[in-house]
Amino acid sequence: MKNLSVENVYTRAKAKELTKKYFWKLLGMMAIVFGIVYAITLGGTALLAATGNETIAVIGYLVLMAVMLLVASGLGMGLIAAMIYICRDGEQVKVSQVFSRMGQCLKACGLSLWVGLKTFLWMLPGYLVVIVSAIVVVGSAYTTNGATAEETAALMTVLPLIGMILMFVLAIPAVYRYMLSTYILADKPETGVFESVRQSKAMMKGHKWQAFKLILPIMLIMYVVMLVVMVALGAVMGLLANTAAAATILSIVLVVVLYAAMLYYMIRMYLCYTLFYLKRVEEQNPAQEAVEAPYAE
Amino acid sequence: MSIERTVENVYLRQDAVTLTRRHFWPLVGLTILFNLVVNIATQALTSLCDDVMYTEIQALTQAMNYYQNSKILTSYEPVTAAAKNLLTSPKFLLCNLLYIVVTGLLYAGLTLGHCRERLDAVRGSVVRPKGVFSLMRYAFKGWRLYLLSLLKVALWALPGLIVIFIAGVSLSAAFSASGMALLWLGLGLIFALTIPAGLRYSLAAYVLCDEPDGGVIASLRLSKSLMKGRIWQRFKLVLPFELKVVGMILLISALFELTITALGLTYNNTVSNIETILLNAGIIYFTLQGQMTKAAFYEKVRWPNPEDKPAKPVSYWLQDHSTPALPEESPADSPEDTVPENTEEKEKTNEEPVC
Chain V
1 MKNLSVENVY TRAKAKELTK KYFWKLLGMM AIVFGIVYAI TLGGTALLAA TGNETIAVIG
61 YLVLMAVMLL VASGLGMGLI AAMIYICRDG EQVKVSQVFS RMGQCLKACG LSLWVGLKTF
121 LWMLPGYLVV IVSAIVVVGS AYTTNGATAE ETAALMTVLP LIGMILMFVL AIPAVYRYML
181 STYILADKPE TGVFESVRQS KAMMKGHKWQ AFKLILPIML IMYVVMLVVM VALGAVMGLL
241 ANTAAAATIL SIVLVVVLYA AMLYYMIRMY LCYTLFYLKR VEEQNPAQEA VEAPYAE
Chain Z
1001 MSIERTVENV YLRQDAVTLT RRHFWPLVGL TILFNLVVNI ATQALTSLCD DVMYTEIQAL
1061 TQAMNYYQNS KILTSYEPVT AAAKNLLTSP KFLLCNLLYI VVTGLLYAGL TLGHCRERLD
1121 AVRGSVVRPK GVFSLMRYAF KGWRLYLLSL LKVALWALPG LIVIFIAGVS LSAAFSASGM
1181 ALLWLGLGLI FALTIPAGLR YSLAAYVLCD EPDGGVIASL RLSKSLMKGR IWQRFKLVLP
1241 FELKVVGMIL LISALFELTI TALGLTYNNT VSNIETILLN AGIIYFTLQG QMTKAAFYEK
1301 VRWPNPEDKP AKPVSYWLQD HSTPALPEES PADSPEDTVP ENTEEKEKTN EEPVC
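Here the protein sequences line up with chains V and Z, keeping their order.
Sequential numbering from 1 applies to the first sequence in our numbering.
Sequential numbering from 1001 applies to the second sequence in our numbering.
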């Protein structure tokens, strides 16, 4: 039986190596994605704020959200496709590759919505517990044999908490189950939305816990590094920030260093998941060939 | 750290989990026996010391009760006088010395036995809870090992402590910014220097329990040489278990709070005891896994090629091997340094333990 923890170790090491090699290119791509989405949001909001009509503003915001979702999905798909090319072939990718999947932005948007709906359905039991608890609490407060204030307070704290825990317990495996659908669509744009989700479910069978543990060390290291940077720079600020200008400069340096650290580790995490996807594809292909072989002749 | 070391850690942890499950109840028995003996001894010593210093303790208690009842400023003097009388009494010093020596010896001897049983589990032998007493005659040596390694680690803390002292001086002179910066620096230095130092000597106890006739300083030296280039690997080795312990403590505490609030219970002794039992059970489970991982790590580092491992550890000194031998200390050092008549092999085959 393959050792999944060992596979994770090699995946993280390879992701670290690729991050060092392609960091600036991937950073440029992420900057384009965030920059374009942010520009659309800012520009659209400013335009809508300039219109005096409320109805037009409401319709405008809905259209703006739809445009943002389309653009973000298309650009995100392009970013993932670029990461797949980097991880698979190590081929030279250009920053403009982030626009390579803009033609499939509608499909990508549809996939995000479908996956979002499926995940939301898994969260429903938790939501129902929260809603039922709210009804019970409000109802008990209005009946003649109503609960005491302490009992009501207890119910208001505990039941929603149970509902939220249930939501997380059911939603997190669902998120991991459909995690690879974006990668499948980015890798093979001709695949349909439902087919991508079905393939993702099949690929993630028995690998959800492995995917969860894959980026845990990277997240931990990221938090520790950010904490150390905050403490160290905070101490330096305390020593050197005698004037308002010095304090501002040091604050900017702190924010820049923190964001740089966060982005570095985020890119590493994305590359980890990309390598994880390629490993699952590799696993599936020999299995598929074994099935197709008897029918080859 | 290279990927191979990380992969080695993964395999060591998995092997340790398997071994812990295989020998679970004997290891639990071993741990319970260990803690029971230490607790009984400390309780007995505390009662003895309380009886010996009964007069002084009574005087202090009466003075404190009088002060609490009267709340007059001047009545605090009897309290300080009684406390001074207690703390400077030769009986107090003697009792504390006795406590430190007896519990130190007991702890050291039992730890060596515990280490030996863990190594036996790693080597495929049976784990016997009563094996915790198997190396009690080396308790003094174990205690010396513990004190010496503590001293070495404490020396590494000195630079950090000096910086903290300077920080204290800065803070008292109202240089708050530089004082705080120096305080953080001092704390950082203490952690950065003492943790590697502690890890460097972490294998010394295993070396000593494996070859109890060897010397203390030689054990420390061998541990240092074995740990060369492996400190970071060793640090990362048991990190997952420690994180699991923290996660488990938070989860159980949160679940208990939730249950108590949901059922409208009060946090009384029974609830507290149940929570403590569950927490201890969880801590024991993950601690055992961590301990077995360390034992497996020692075995891996000491004998990277299983063919080089001598068949009988006692005969190690007589075999030709590439690993540097531990020189024996001079015979006049302590009584237990003399080779015992009953060897480890005889002990294992005896029905009754020698200790």
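Even glycine gets a Cβ: it sits at the ideal position worked out from N, Cα and C.
Note that the structure is a prediction, hence the values are computed from the model and not measured.
What did DSSP end up calling residue i once you bin it into helix, strand or coil?
i	result
phenylalanine 168(V)	helix
aspartate 1320(Z)	Residue placement at aspartate 1320(Z) is poorly supported in this model, since its pLDDT is 45, which falls under 50; the coordinates still yield a value, given next. Coil, per DSSP.
threonine 157(V)	helix
leucine 1119(Z)	helix
serine 1253(Z)	helix
isoleucine 1217(Z)	helix
lysine 1152(Z)	helix
methionine 204(V)	coil
proline 1304(Z)	coil
alanine 1082(Z)	helix
methionine 230(V)	helix
leucine 1128(Z)	Residue identity differs from the one stated: residue 1128(Z) is arginine in this sequence, not leucine. Looking at arginine 1128(Z) - three-state DSSP - the assignment turns out to be coil, as it is neither helix nor strand.
serine 1202(Z)	coil
isoleucine 1040(Z)	helix
methionine 219(V)	helix
serine 1330(Z)	Here serine 1330(Z) scores only 49 on pLDDT, less than 50, and its place in the model should not be relied on; the value that follows carries that caveat. Reduced to three states, the DSSP call for serine 1330(Z) is coil.
tyrosine 1298(Z)	helix
Buried or exposed for residue i, please, with buried defined as at least 16 other CB atoms from any protein chain shown within 10 angstroms of its CB.
i	result
threonine 11(V)	buried
alanine 1205(Z)	buried
aspartate 1308(Z)	exposed
glutamine 199(V)	buried
valine 247(V)	It should be pointed out that residue 247(V) corresponds to alanine in this sequence rather than to valine. By the neighbour-count rule (16 or more Cβ atoms within 10 Å), alanine 247(V) is not buried but exposed.
methionine 204(V)	buried
aspartate 187(V)	buried
lysine 279(V)	buried
methionine 65(V)	exposed
glutamine 1068(Z)	exposed
alanine 1332(Z)	Confidence in alanine 1332(Z) is poor, its pLDDT being 48 and thus under 50, which makes the residue's placement unreliable; the coordinate value appears in the next sentence. Exposed, since its Cβ has fewer than 16 Cβ neighbours within 10 Å.
proline 1304(Z)	exposed
threonine 182(V)	buried
phenylalanine 168(V)	exposed
methionine 123(V)	buried
alanine 211(V)	buried
glutamine 1319(Z)	Model confidence at glutamine 1319(Z) stands at a pLDDT of 41, short of 50, so the residue's coordinates are unreliable; what they give is reported in the following sentence. Under this definition glutamine 1319(Z) is an exposed residue.
proline 1090(Z)	exposed
threonine 299(V)	Outside the shown range of chain V, which is 1 to 297, sits residue 299(V), and nothing can be said about it.
threonine 144(V)	Here the model assigns threonine 144(V) a pLDDT of 49, short of 50, so the residue's position is not dependable and the matter cannot be decided.
Output needed for residue i: all residues of its chain with C-beta closer than 8 Å, excluding positions within five of it in sequence on either side, in chain order.
i	result
methionine 83(V)	Leu26, Tyr270, Leu271, Thr274
leucine 106(V)	Leu70
valine 257(V)	Val229, Leu233
leucine 1086(Z)	Met1053, Glu1056, Ile1057, Ala1059, Leu1060, Phe1092
valine 224(V)	none
Would you kindly check if the distance between the Cβ of residue j and the Cβ of residue i is under 7 Å?
i	j	result
valine 193(V)	glycine 110(V)	yes
threonine 1042(Z)	threonine 1103(Z)	yes
valine 973(Z)	valine 6(V)	There is simply no residue 973(Z) to check, as chain Z begins at 1001 and stops at 1355 in what is shown.
glycine 1198(Z)	isoleucine 1164(Z)	no
threonine 1359(Z)	leucine 1237(Z)	Examination of residue 1359(Z) is not possible in this model, given that chain Z is present from 1001 through 1355 alone.
proline 1129(Z)	glycine 1029(Z)	yes
leucine 180(V)	tyrosine 277(V)	yes
serine 196(V)	isoleucine 215(V)	no
methionine 29(V)	valine 98(V)	yes
methionine 226(V)	alanine 261(V)	yes
leucine 1105(Z)	tryptophan 1143(Z)	yes
leucine 1147(Z)	proline 1212(Z)	no
leucine 239(V)	alanine 1177(Z)	yes
valine 129(V)	isoleucine 162(V)	yes
leucine 1000(Z)	alanine 1167(Z)	Not covered by the structure: residue 1000(Z). The range shown for chain Z is 1001 to 1355.
methionine 266(V)	leucine 250(V)	no
cysteine 1115(Z)	cysteine 1209(Z)	yes
To the nearest whole angstrom, what separates the beta carbons of residue i and residue j, a pair I think is in contact under 8 Å?
i	j	result
valine 37(V)	methionine 77(V)	No, valine 37(V) and methionine 77(V) are not in contact; Cβ-Cβ is about 13 Å, not under 8 Å.
threonine 119(V)	alanine 202(V)	That pair is no contact at about 18 Å.
threonine 1262(Z)	alanine 1016(Z)	At residue 1262(Z) the sequence reads alanine, which differs from the threonine that was named. No, alanine 1262(Z) and alanine 1016(Z) are not in contact; Cβ-Cβ is about 37 Å, not under 8 Å.
valine 1122(Z)	arginine 1230(Z)	Incorrect: roughly 17 Å between the Cβ atoms, too far for contact.
leucine 166(V)	proline 125(V)	6 Å
Leaving out the 5 sequence neighbours to the left and right, which residues in its chain are closer than 6 Å to residue i when beta-carbon positions are compared?
i	result
proline 1078(Z)	Ala1063
arginine 177(V)	Lys201, Met204
Below 7 Å CB to CB, which residues in the same chain sit around residue i once its five sequence neighbours on both sides are set aside?
i	result
leucine 1033(Z)	Pro1129, Val1132
serine 1149(Z)	Tyr1201, Ala1204, Leu1220
isoleucine 1284(Z)	Val1028, Thr1031
glutamine 284(V)	Met203
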